[in-house]
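Notes follow once the structure below has been shown.
Numbering (this note's numbering), first residue to last: 31 to 128.
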């Protein structure tokens with residue numbers, strides 16, 4: 031099974047270790063046969079959100095911590111290239127990469 035997660039789910043998984051997004055990410059990591067599929071665009075947005083000053087202050091993260099988190103997610107995922115300019119999400123064009 032192949033699963034993709036949007037940036038909001040990824041960020042939520044790391045800022046609330048007990049929430050449903052963290053549970054989903056843990057299940058993906060723990061169950062054989064499930065692949066996390068991400069694009070560079072999602073990883074870039076994930077890093078950008080985690081790098082916001084307010085988030086870094088609240089969680090006491092340094093840039094190295096964020097780089098390590100992104101590397102962990104990257105290493106656990108299959109990275110795919112977005113091949114299409116097909117637009118499906120009208121409300122948030124950033125979601126088109128999902």
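By construction, the Cβ of each residue, glycine as well, lies at the ideal position given by its N, Cα and C atoms.
According to DSSP, is residue i helix, strand or coil?
i	result
residue 61	coil
residue 42	helix
residue 84	helix
residue 66	strand
Could you tell me the alpha carbon to alpha carbon distance between residue i and residue j, rounded to whole angstroms?
i	j	result
residue 49	residue 113	32 angstroms
residue 36	residue 89	21 angstroms
residue 83	residue 63	37 angstroms
residue 108	residue 97	18 angstroms
residue 46	residue 80	13 angstroms
Excluding the five sequence neighbours on either side, which residues of its own chain have a C-beta within less than 6 angstroms of the C-beta of residue i, listed in chain order?
i	result
residue 51	39, 42, 43
residue 65	32, 108
State buried or exposed for residue i, treating a residue as buried only when at least 16 other CB atoms are found within 10 Å of its CB.
i	result
residue 61	exposed
residue 57	exposed
Candidates the options: which alpha carbon is nearest residue i's?
i	options	result
residue 70	55, 56, 104	104
residue 31	109, 67, 56, 98	67
residue 77	34, 102, 33, 111	102
residue 54	74, 33, 99	33
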